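S.K.: Please see the structure below; I have some questions.
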Amino acid sequence: MNRSNMALVAAAALACTALTPAMADDYPADDVKVMQGFKAGGGSDALAQLVQPYLAKELGVNFVNEYIPGATGAIAWTRLAKQTKPDGATISITNTPMLTTNYIMNPSITYTIDEITPIANIVTDPGIAVVAKDSPFDTFEDFVNAAKENPGTVTVGNSGVGGDDYFTSLQFEKESGVKLQKVPFQGDGPSWTAAMAGKIDASFTNVGVSFPQIKEGNLKALAVFSEERLPDLPDVPTAKELGYNLVAGSSRGYSGPADFPAEARQQMIDAMQRVVDNPDFQKAAAERAMNIDFISGDAYAEMLRTQEGQYKEIWAEIKDEVQAQ
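Okay, so the sequence shown: first residue is 63 according to the working numbering, each after it adds one.
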């Protein structure tokens, strides 16, 4: 494999990582850019900071993140699908469900998952409802009752229209019969930050990005949108046990542009497998409440296709009501 193709075996770290002499003999010293479709501090950034320092050591290549917020990731993913050469210089973090809901909901967004090369999913991050530490809401039922008593006025942040948190809000409204004032942000970070500052009443976000603030006592967790209670948050009830059939979250991984060379893709998958098998990485993930869910290659592509079909059905059911609002 030539030196240009071998640059494909890389992912991004928050800052550049120096090459080790052993790796430098095998891989070029070029920087490899990883696009993030959201602002720093959100789920993509949390994944980058967790995974990429370990991946840098595996591959010995300099990694640099590029933040391209806007349109719930669609700007970055359109660039990945439509403008990125498969030369190893650029890959992207890909998040569900917004990777597919962007174009399902908005015909003006023209990229599809058929125009990218899924590499591997790394984590699946359950959804969670959080409020400021001094919020009057001490329980999820407090929040629900306020929404019932004040229809359309309780403000709930999300990571952007079409994201998992946005769909969580829609599904919760359908389950509970309440109306929320949904406030979109450019990523999870700005959403939970606004809740923590009391600028909005609550944030529907993800466990992995909000757990440090919950642990420090800066955010109160009211409910998790998982099948069962989480070991890291044993006192936080699930929405299901409170009577709402609501399980939601976001999966995050890496993808390249179309025509990504098969050999390079496999090298990257193998390196990521070594990362998730590393006990130090597993400990770091656990400390951040990041749920490792490694799905690679064709299985990751199939996962994305399956979710695409599921969200097409969900959107067909709710789009008339949403568009009428």
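Quick reminder that beta carbons are idealized off the backbone N, C-alpha and C, glycines included. Values in this document were obtained by computation on a predicted structure and should not be read as measured data.
What residue does the alpha helix (DSSP H) around K277 start on, and which one ends it?
M.R.: Start and end: 269 to 277.
S.K.: Where D227 and A347 are concerned, what is the direct C-alpha to C-alpha distance, given to the nearest angstrom?
M.R.: Rounded to whole angstroms, D227 to A347 spans 22 Å at the Cα level.
S.K.: Run through the stretch 121 to 163 for me and flag every whole alpha helix (DSSP H) of 4 or more residues, listed as ranges in chain order.
M.R.: Listed in chain order, the complete alpha helix (DSSP H) runs (minimum 4 residues) inside the stretch 121 to 163 are 136 to 145.
S.K.: Can the beta-carbon of N220 be found closer than 8 Å to that of K244?
M.R.: In this structure, K244 lies closer than 8 Å to N220 by Cβ.
S.K.: Can you grab the Cα-Cα spacing for the pair E375 / G122, in whole Å?
M.R.: C-alpha separation (whole angstroms): 43 Å.
S.K.: Where does P90 fall in DSSP's three states?
M.R.: Confidence at P90 is low in this model, with a pLDDT of 44, below 50, so its placement is unreliable and the value that follows should be read with caution. The answer is coil: DSSP assigns P90 none of H, G, I, E or B.
S.K.: Could you pull out every residue in the same chain whose Cβ sits closer than 8 Å to the Cβ of E235, ignoring the five residues on either side in sequence?
M.R.: The answer, listed in chain order, is K241, L242.
S.K.: In chain order, what residues of the same chain lie with their CB nearer than 8 Å to the CB of F205, ignoring the 5 residues before and after it?
M.R.: If we look at F205 and ignore the five residues flanking it on each side, its Cβ neighbours are A191, V193, F199, V216, D263, A264, L284.
S.K.: What residue does the alpha helix (DSSP H) around T174 start on, and which one ends it?
M.R.: Run containing T174: none; DSSP gives neither H nor E here.
S.K.: Which runs of the alpha helix (DSSP H) fall wholly inside the stretch 220 to 258 and span at least 4 residues, in chain order?
M.R.: You should have 226 to 238, 250 to 258.
S.K.: Hey, quick one: how far does the beta strand (DSSP E) through D332 stretch, first residue to last?
M.R.: Unbroken run through D332 is the alpha helix (DSSP H), 324 to 339; no beta strand (DSSP E).
S.K.: Could you tell me which residues DSSP puts in a beta bridge with Y183?
M.R.: Sequence check: residue 183 is Asn here, not Tyr. Answer is G315, I357, bridged to N183.
S.K.: How long is the line joining the alpha carbons of Q233 and L308, rounded to whole angstroms?
M.R.: Roughly 7 Å between the two C-alpha positions.
S.K.: Terminal residues of the continuous alpha helix (DSSP H) containing V394?
M.R.: Residue 394 lies beyond the residue range present for the chain, which begins at 63 and ends at 387; the question has no answer from this structure.
S.K.: Would you mind giving the Cβ-Cβ distance between G105 and G371, rounded to the nearest angstrom? I have them listed as a contact below 8 Å.
M.R.: Rounded, the Cβ-Cβ distance is 23 Å, inconsistent with contact.
S.K.: Going by DSSP, what residue range makes up the alpha helix (DSSP H) through V206?
M.R.: Here the alpha helix (DSSP H) through V206 covers 202 to 211.
S.K.: Count the other C-beta atoms from every protein chain shown that fall within 10 angstroms of the C-beta of D88, then say buried if there are 16 or more, exposed otherwise.
M.R.: Low local confidence applies: a pLDDT of 46 at D88 is under 50, so the model's placement there is unreliable, with the coordinate-based value given in what follows. By the 10 Å Cβ count, D88 comes out exposed.
S.K.: Rounded C-beta distance between P148 and D332? I'm assuming under 8 Å.
M.R.: So it is not a contact: roughly 19 Å between Cβ atoms.
S.K.: What is the C-beta distance between P188 and L292, in whole angstroms, given that I count them as a contact (C-beta under 8 Å)?
M.R.: Indeed, because the Cβ distance is near 7 Å, the residues count as touching under 8 Å.
S.K.: Go through its chain and collect everything with a Cβ distance to A84's Cβ below 8 Å, but skip five positions before and after it.
M.R.: Annotation note: pLDDT 32 at A84 (below 50); position unreliable, coordinate value reported separately. So the qualifying residues of the chain are G122.
S.K.: Establish whether the CB of W377 and some CB of chain C are separated by less than 8 Å.
M.R.: Note that chain C does not occur in the displayed structure, where there is just one protein chain.
S.K.: In whole angstroms, give me the CA-to-CA distance for D93 and S170.
M.R.: Spanning the two alpha carbons is a distance of roughly 33 Å.
S.K.: When the Cα atoms are used, what is the spatial distance from Q385 to S231?
M.R.: Cα-Cα distance, rounded: 15 Å.
S.K.: By Cβ distance below 6 Å, which residues in the same chain neighbour P246 in space, the five residues on each side in sequence not counted?
M.R.: For P246, where only same-chain residues beyond five positions count, the Cβ hits under 6 Å are N220, G222, V223.
S.K.: What separation, rounded to the nearest whole angstrom, lies between the Cα atoms of Q335 and F356?
M.R.: Going from the Cα of Q335 to the Cα of F356 covers about 8 Å.
S.K.: Beta-carbon within less than 8 Å of Y373's beta-carbon, same chain only, minus the 5 sequence neighbours each way: which residues are those?
M.R.: So the list reads P159, T162, T163, I166, F229, once near-sequence residues are dropped.
S.K.: Using the C-alpha atoms, what's the distance from S197 back to G260?
M.R.: Computed Cα separation, rounded: 8 Å.
S.K.: Determine the burial state of E120: buried for a count of at least 16 other Cβ atoms within 10 Å of its Cβ, exposed for fewer.
M.R.: Buried, since its Cβ has 16 or more Cβ neighbours within 10 Å.
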